[in-house]
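Keeping their order, the protein sequence lines are chains A and B.
If you're matching positions, the first sequence starts at 49 in the numbering used here and goes up one per residue.
If you're matching positions, the second sequence starts at 6 in the numbering used here and goes up one per residue.
Glycine residues also receive a C-beta, built at the ideal position from the N, C-alpha and C atoms.
Quantities reported herein were computed from a predicted structural model and do not represent experimental measurements.
Accompanying notes for the structure given below.
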Amino acid sequence: AQSVTQLDSQVPVFEEAPVELRCNYSSSVSVYLFWYVQYPNQGLQLLLKYLSGSTLVKGINGFEAEFNKSQTSFHLRKPSVHISDTAEYFCAVSPPGSGGYNKLIFGAGTRLAVHP
Amino acid sequence: EPEVTQTPSHQVTQMGQEVILRCVPISNHLYFYWYRQILGQKVEFLVSFYNNEISEKSEIFDDQFSVERPDGSNFTLKIRSTKLEDSAMYFCASSEAGDREGLSGNTIYFGEGSWLTVV
């Protein structure tokens, strides 16, 4: 079975500062890895995903994440945050499916609060 | 950009009543899902649906729940005899088909959610 741990429930940061949101996963098989963002009163939107290949993945809105297999981590980073990045961020894993679909297993989420 | 749409956005229902949550997935997608998020808890997988049948369901998805694709565009979640603990945000989602090997890293697109309150 797979599980996801997001180590920080809340991360406060000042505007234009760098940020890292941490995600660790547990799985006995290879998994796909995802970061989703949920802005207030909106649904979940994909930021980026890692399927294979380069361990550094770039996503939308200037975010990137690095897959580290030995540490079973997939931390999300942004070099300079904006007020508009204030949202809930969810890390998720999905075992490669034999049926052609994904079942996402989510972490508890990290609330990023960007202050002026 | 195509999106998954859900109705209603909010619903309050009496305990014991039946609720139907509706979703219109992205038109060329073939896999459909329901997830839920109880306030303050993780987003949880409920069920996946493909080719007019359930492909996988979680332990949460018991006989109280059912899904249906009544026509070519809608995908519904029915909750019979609602309980207080069914209060949650319910997300509908959809994705494209997997590749020939049955592997899929296809993006799952989520709707904005239906907030259900059982009183």
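Query raised in the report: Mind listing which residues of the segment 32-50 of chain B have their C-beta closer than 7 Å to chain A's C-betas, in chain order?
Result: Listed in sequence order: 36, 47, 48 and 50.
Requested in this report: Pick out the complete beta strand (DSSP E) segments inside the segment 74-160 of chain A, 3 residues or longer, and give them in chain order.
Outcome: 80-86, 92-98, 104-106, 112-116, 121-126 and 135-142
**Report entry** Candidates B/36, B/55, B/11 and B/82, of which the one nearest residue 67 of chain B by Cα
**Finding:** B/82
Requested in this report: Can you tell me the Cβ-Cβ gap for residue 25 of chain A and residue 164 of chain A, rounded? I've got them flagged as a contact below 8 Å.
Outcome: The structure shown has nothing for residue 25 of chain A, since chain A only spans 49 to 164.
Query raised in the report: chain B partners of residue 106 of chain A, CB-CB under 9 Å?
Result: Within 9 Å Cβ-Cβ: nothing; residue 106 of chain A doesn't reach chain B, min ~15 Å.
**Report entry** Cβ distance (whole Å) where residue 17 of chain B is taken to contact residue 122 of chain B below 8 Å
**Finding:** 5 Å
**Report entry** Burial state of residue 44 of chain B, where buried means 16 or more other Cβ atoms lie within 10 Å
**Finding:** exposed
Query raised in the report: Any C-beta of chain B sitting closer than 9 Å to the C-beta of residue 151 of chain A?
Result: yes
Query raised in the report: Does DSSP classify residue 90 of chain B as helix, strand or coil?
Result: helix
Query raised in the report: Tell me the DSSP bridge mates of residue 10 of chain B?
Result: Beta-bridge partners of residue 10 of chain B (DSSP): B/29.
Query raised in the report: What does residue 50 of chain A touch in chain B if you count any residue whose Cβ is under 7 Å from its own?
Result: Ordered by position in chain B, no residue passes the 7 Å Cβ test against residue 50 of chain A, which lies about 11 Å from the chain.
Requested in this report: Determine which residues share a DSSP beta bridge with residue 96 of chain B and list them.
Outcome: Beta-bridge pairing links residue 96 of chain B to B/40.
**Report entry** Nearest neighbour of residue 177 of chain A, chosen from A/160, A/158 and A/139 [CA to CA]
**Finding:** Summary: the structure shown does not reach residue 177 of chain A, with chain A confined to residues 49 through 164, and so no result is reported for it.
**Report entry** Contacts around residue 79 of chain B, its chain only, beta-carbon distance under 8 Å, and the 5 residues preceding and following it disregarded
**Finding:** Excluding five sequence positions before and after residue 79 of chain B, the CB atoms of its chain that fall closer than 8 Å to its own CB belong to 27, 28 and 29, given in chain order.
Query raised in the report: Under a CB-based cut-off of 9 Å, is residue 117 of chain B close to chain A?
Result: yes
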